Structures are given as structure tokens and as C-alpha cells.
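*Asks:* Residue numbering for the sequence shown follows the working numbering, beginning at 7 and increasing consecutively.
Heads up, the beta-carbon is just placed ideally off N, CA and C, and yes, glycines get one too.
In this text the structure is predicted, and so the values were computed from the model without any measurement.
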Amino acid sequence: MSKLAGIKFEKDSKGRVKSVTFDLKRHAAFLEDYLDHLLIEDAKKDAEFIPWEEAVKELHKHHHLQPHKK
7 MSKLAGIKFE KDSKGRVKSV TFDLKRHAAF LEDYLDHLLI EDAKKDAEFI
57 PWEEAVKELH KHHHLQPHKK
């Protein structure tokens, strides 16, 4: 594994990577974005999705909205 500035890989006795240490001064923005991505992906697993057309029908039904005319 090549060296990366500000990133240190900790390995076990067999040479397998067990943990990674990041220099936050160099990589804080990247890590924040990456962790946000992980949280979003995790939240998607539990979310219920419906087709757009069904969502529009529900909005019209429950909020008395008029359909958009083209």
C-alpha cells in the first residue's frame, strides 16, 4: 500500500489493515462529507419510497391541490 500524506494505516501481525488514522487538518472536509454520505445511505435503508405519480395524487387528495395543467 502506497503512502498517503496525513493518512496512517495500522496493521496486525499478519499485515492486514485494522484501522486508519487521518490528519484532520488535511482531511477534515473529506471525512465530514464521507460520514454524511454514510448517514444518508443508512437512512435510505429504512425509508419508504413511493412513485412520484402516487406522491402527487396523495398531495392533491390530502391538501386539496389542483393538478398542474401543461
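Within a Cβ cutoff of 8 Å, which residues of the same chain sit near G12, ignoring the five residues on either side of it in sequence?
*Replies:* The residues are F28, D29, K31, R32, H33.
*Asks:* From P57 to E64, what does the alpha carbon distance come to, in whole angstroms?
*Replies:* C-alpha separation (whole angstroms): 11 Å.
*Asks:* Hey, could you find the ends of the alpha helix (DSSP H) E54 is sitting in?
*Replies:* From DSSP, E54 is part of no alpha helix (DSSP H); its letter is neither H nor E.
*Asks:* Who are the Cβ neighbours of E54 in its own chain at under 7 Å, not counting the five residues just before and after it?
*Replies:* Closer than 7 Å at the Cβ level, and outside the excluded window around E54, lies no residue.
*Asks:* I'd like the list of long-range same chain contacts for D18, defined as Cβ closer than 8 Å, with 5 residues on each side in sequence excluded.
*Replies:* Once the five neighbours on either side are set aside, the close Cβ partners of D18 are K24.
*Asks:* Quick one: what does DSSP say K17 is sitting in, helix, strand or coil?
*Replies:* The answer is strand: DSSP assigns K17 an E or B state.
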